[in-house]
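Colleague:
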Amino acid sequence: MEPGNVTTPFGQRSMTLGMLASQKAASQLQADQSVDKWKIYRSLCTAKPLLGVTDRALAVLNALLSFHPQNVLSEESGLVVFPSNAQLSLRSHGMAEQTIRRHLAVLVETGLIIRKDSPNGKRYARRASGGEIGEAFGFSLAPLIVRAEEIEHLAAEVAAERLHLQRLREQFTLCRRDVSKLIETAMEEDLAGDWETAFGYFRELVEALPRTPTAKQVALALEEMQTLRDDITNRLETLIKAEKSSGNPAQNGRHIQNSNPDSISDLEPALETKQGANSAFRNEPYTAASQQKHKRDDQTPGGARSNTTDSSPSLKSFPLGLVLQACPDMVNYGPGGSIATWRDMMAAAVVVRGMLGVSPAAYEEAAIIMGAENAATVMACILERGGHINSAGGYLRDLTRRAEKGEFSVGPMLMSLVRARGGVTRRAG
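What follows is the structure in structure tokens.
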């Protein structure tokens, strides 16, 4: 485009200051300036978030570039291409002509091409006596040469931001895995500490991230996850030191029980746990009072209280959300096809008990020994593993006897199901 030469659009199309600025910038093109059209196109594809162009607009630009006879754009080779909308449609995978016109307007507005309309609005070229193109009317690609440095800089900026986000997500994934595994270990080993609350806070952090987070959002979540990991690590190190100094035989006995080859956790596939749900981690140890405050005095279906007997060890109950995450099929048997409270859970357990052929006496005994909430949780686990258990009633009685001797904990059973499901959540109700 010659310096000082301004082209206005044909017909009812209006002229804008942006179009005038693009033409003014293109008029500064030097004769020796050139750029590889496909290299600059790739940079445009990378920089599109900062340029405000869409994939389909870039597809139309790709079609326009294909009509330029050379791979290198320069003033010497001519910078105006003049295909019809029908020809552009063929080279843009059959895009409708109305859609092509809309995306051409976007390319003009963003200053990537310049419209050079003929007196009648048609696109064509006049050839000189020697056959070479003299004057052409269509779309000028000169802005791609003039803005090449700017476009490449924007592309590098987007690529750097993308790499930064990728590294942040990798660090978050590793930290998330560490926290998940450490909490699982603590729960399966039945170590002192409010691990259910830590697990809930862990899930809250993960679920707070949107599906396509920004680098800032991932960085904030990573910082909180690293703090949680440090808290858990410090807690576990403190417990290890205390265990070494005390050498408590009862503690050693519990580790032996949890490594029992007949444990249900050894029968499940060892899949990696994913994300989890809501609260904050406290380093306070479990006491009989803190365990009992999570239990209810509701009657079981057989009329027994949910408190454990004095002769059996106390089993702590787990959050309802965690149970439903591990056993989502249980929701189908709740009142109205939903489970919102432990009372709903216990009602669903009664339905499942009858469906699986578990006698009322066996379930009542489990509720007395384990507590009503844990008995309902065990029924949910049995339902979830129905295809692997021949006799649900016999299996429940065996677990009840082991619980009475202090050889069974609900935690490993529950966490193995969470792992087997890959941490997929199904909300109650």
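Just so we're aligned: the sequence shown equals residues 215 to 643 in my numbering.
No residue lacks a Cβ here, since even glycine has one placed at the ideal position from N, Cα and C.
#1: From T268 to E398, what distance separates their C-alpha atoms?
#2: Among K619, Q312, V566, Q284, which residue has its Cα nearest to the Cα of C595?
#3: Determine the DSSP secondary structure at V545, reduced to helix, strand or coil.
#4: Going by alpha carbons, who is nearest to A350 out of G607, K455, D331?
#5: Count the other C-beta atoms from every protein chain shown that fall within 10 angstroms of the C-beta of E598, then say buried if there are 16 or more, exposed otherwise.
#6: Express the C-alpha separation of E410 and F532 in angstroms, rounding to a whole number.
#7: Please name the residue in A586, G292, V372 whose C-alpha comes closest to that of F353.
#8: Just curious, the alpha helix (DSSP H) that S280 is in, first and last residue?
#9: Can you check DSSP and say which residues form a bridge with V294?
#10: Starting from K330, follow the beta strand (DSSP E) in both directions and report where the run begins and ends.
#11: When the Cα atoms are used, what is the spatial distance from F416 to A617?
#12: Mapping the DSSP letters down to three states, classify E311 as helix, strand or coil.
#13: Does the beta-carbon of S623 have 16 or more other beta-carbons within 10 angstroms, so that it is buried, or is it exposed?
#14: Is D408 helix, strand or coil by DSSP?
#15: Check whether the stretch 446-454 touches the stretch 418-435, counting contact only when three or more Cβ pairs, one atom from each stretch, lie closer than 8 Å.
#16: Indicate the three-state DSSP secondary structure (helix, strand or coil) for R599 in the structure shown.
#17: Look at the alpha carbon of R256 and the alpha carbon of E289, and state the distance between them as a whole number of angstroms.
#18: Take every Cβ of the stretch 567-576, pair it with every Cβ of the stretch 450-460, and state whether three or more of those distances are shorter than 8 Å.
#19: What's the gap between the Cα of L628 and the Cα of A406?
#20: Is it buried or exposed for N466, if we count other Cβ within 10 angstroms and need 16 for buried?
#21: Going by Cα to Cα distance, which pick from D246, E579, V320, P626 is closest to V360?
#22: Can you round the beta-carbon distance between L302 and A277 to whole angstroms, since I take them to be within the 8 Å contact cut?
#23: Alpha carbon to alpha carbon, how far is R633 from L613?
#24: Leaving out five residues on either side along the sequence, give the residues of the same chain with a beta carbon under 6 Å from the beta carbon of V322.
#25: Would you kindly report the start and end of the unbroken beta strand (DSSP E) that includes L287?
#26: Rank V294, H282, G335, L275 by C-alpha distance to the C-alpha of H307 and give the top, closest one.
#27: With distances taken between CB atoms, is the gap from R390 to V432 smaller than 8 Å?
#28: Does the stretch 554-565 touch the stretch 586-593, meaning 3 or more C-beta pairs lie closer than 8 Å?
#29: Measure the CB-CB distance between R635 and A540 and report whether it falls below 8 Å.
#30: Give me the residue from Q312, Y547, L279 with the minimum Cα distance to T253.
#31: With a cut-off of 8 Å on the beta carbons, I'd call F296 and A356 a contact; round off their distance for me.
#32: How big is the Cα-Cα spacing for L258 and A374?
#33: On the three-state DSSP scale, how would you describe S459?
#34: Which class does D246 belong to by DSSP, given the choice of helix, strand or coil?
#35: Between which residues of its own chain and N285 is the CB-CB distance below 7 Å, once the five residues before and five after are set aside?
#36: Quick check: is the beta carbon of E598 nearer than 8 Å to any beta carbon in chain C?
Modeller: In terms of the structure at hand:
#1: Along the sequence shown, read from residue 1 onward, the residue named residue 268 stands at position 54. Along the sequence shown, read from residue 1 onward, the residue named residue 398 stands at position 184. CA-to-CA, the gap between T268 and E398 works out to about 45 Å.
#2: Start at 1 with the first residue of the sequence shown, and residue 595 comes out as number 381. Selection K619, Q312, V566, Q284 evaluated against C595 yields V566 as nearest (Cα-Cα).
#3: Taking the sequence shown and counting its residues from 1, the one referred to as residue 545 is at position 331. Reduced to three states, the DSSP call for V545 is helix.
#4: Residue numbering aside, residue 350 sits at position 136 when the sequence shown is read from its first letter. Checking every option, the nearest Cα to that of A350 belongs to D331.
#5: Here residue 598 refers to the residue found at position 384 when the sequence shown is read from its first residue. Note on E598: 16 or more other CB atoms within 10 angstroms of its CB, so buried under the neighbour-count rule.
#6: As a first step, residue 532 must be located in the sequence shown, where it is residue number 318. As a first step, residue 410 must be located in the sequence shown, where it is residue number 196. When rounded, the distance between both Cα atoms is 7 Å.
#7: Walking along the sequence shown from the start, residue 353 turns up at place 139. When only C-alpha atoms are compared, the closest one is G292.
#8: As a position in the sequence shown, residue 280 is number 66, starting the count at 1. First-last of the alpha helix (DSSP H) with S280: 269-280.
#9: In the sequence shown, the residue the question calls residue 294 occupies position 80. S354, per the DSSP bridge assignment.
#10: Taking the first residue of the sequence shown as 1, we reach residue 330 at position 116. Where K330 is concerned, the enclosing beta strand (DSSP E) stretches over 328-330.
#11: In the sequence shown, the residue the question calls residue 416 occupies position 202. In the sequence shown, the residue the question calls residue 617 occupies position 403. Each residue's alpha carbon lies about 29 Å from the other.
#12: If you number the sequence shown from 1, residue 311 lands on position 97. Helix at E311.
#13: The residue labelled residue 623 in the question sits at position 409 within the sequence shown. S623 is buried by the Cβ-count criterion.
#14: In the sequence shown, residue 408 corresponds to position 194, counting from 1. Reduced to three states, the DSSP call for D408 is coil.
#15: Taking a cut-off of 8 Å on C-beta distances, the stretch 446-454 does not touch the stretch 418-435, as fewer than three cross pairs fall below it.
#16: Taking the sequence shown and counting its residues from 1, one reaches residue 599 at position 385. Here R599 sits in coil by DSSP.
#17: Reading the sequence shown from its first residue, position 42 is the one you call residue 256. Reading the sequence shown from its first residue, position 75 is the one you call residue 289. For R256 and E289, the distance between alpha carbons rounds to 21 Å.
#18: Fewer than three pairs of CB atoms, one per stretch, sit closer than 8 Å, so the stretch 567-576 makes no contact with the stretch 450-460.
#19: Taking the first residue of the sequence shown as position 1, residue 628 is located at position 414. Taking the first residue of the sequence shown as position 1, residue 406 is located at position 192. Looking at the two C-alpha atoms, the distance is approximately 18 Å.
#20: Here residue 466 is taken as the residue at index 252 of the sequence shown, counted from 1. Its pLDDT being 48, under 50, N466 is placed unreliably in this model, and the coordinates cannot settle the point.
#21: For this step, residue 360 is matched to residue 146 along the sequence shown. For V360, the nearest C-alpha among the options comes from D246.
#22: Numbered from 1 along the sequence shown, position 88 holds the residue referred to as residue 302. Numbered from 1 along the sequence shown, position 63 holds the residue referred to as residue 277. A277 and L302 do touch by the CB rule: their CB atoms are close to 5 Å apart, below 8 Å.
#23: In the sequence shown, the residue the question calls residue 633 occupies position 419. In the sequence shown, the residue the question calls residue 613 occupies position 399. Near 21 Å, if we compare the C-alpha coordinates of L613 and R633.
#24: Within the sequence shown, numbered from 1, the residue matching residue 322 stands at position 108. Within the same chain, V322 has close Cβ partners R329.
#25: Working through the sequence shown from its first residue, we reach residue 287 at position 73. L287 -> beta strand (DSSP E) spans 286-288.
#26: Residue mapping note: residue 307 aligns to position 93 of the sequence shown, counting from 1. Closest option to H307, Cα to Cα, is L275.
#27: Position 176 of the sequence shown holds residue 390. Position 218 of the sequence shown holds residue 432. No, Cβ-Cβ distance for R390 and V432 is not below 8 Å.
#28: By the Cβ test, the stretch 586-593 is in contact with the stretch 554-565, since at least three Cβ pairs between them sit closer than 8 Å.
#29: Reading the sequence shown from its first residue, position 421 is the one you call residue 635. Reading the sequence shown from its first residue, position 326 is the one you call residue 540. It is a contact, given that the beta carbons lie within the stated cut-off.
#30: Mapped onto the sequence shown, residue 253 falls at position 39. Just to set this straight, residue 253 is Lys in the shown sequence, not Thr. Looking at the Cα atoms, L279 is the closest of the given residues.
#31: By one-based count along the sequence shown, residue 296 stands at place 82. By one-based count along the sequence shown, residue 356 stands at place 142. That pair is no contact at about 14 Å.
#32: In the sequence shown, counting from the first residue as 1, residue 258 sits at position 44. In the sequence shown, counting from the first residue as 1, residue 374 sits at position 160. Distance between the alpha carbons of L258 and A374 is about 15 Å.
#33: Residue mapping note: residue 459 aligns to position 245 of the sequence shown, counting from 1. Helix, per DSSP.
#34: Within the sequence shown, numbered from 1, the residue matching residue 246 stands at position 32. Coil.
#35: Residue 285 sits at position 71 when you count from the first residue of the sequence shown. Excluding five sequence positions before and after N285, the CB atoms of its chain that fall closer than 7 Å to its own CB belong to D250, K251, W252, given in chain order.
#36: Absent from the structure: chain C. Only one protein chain is present.
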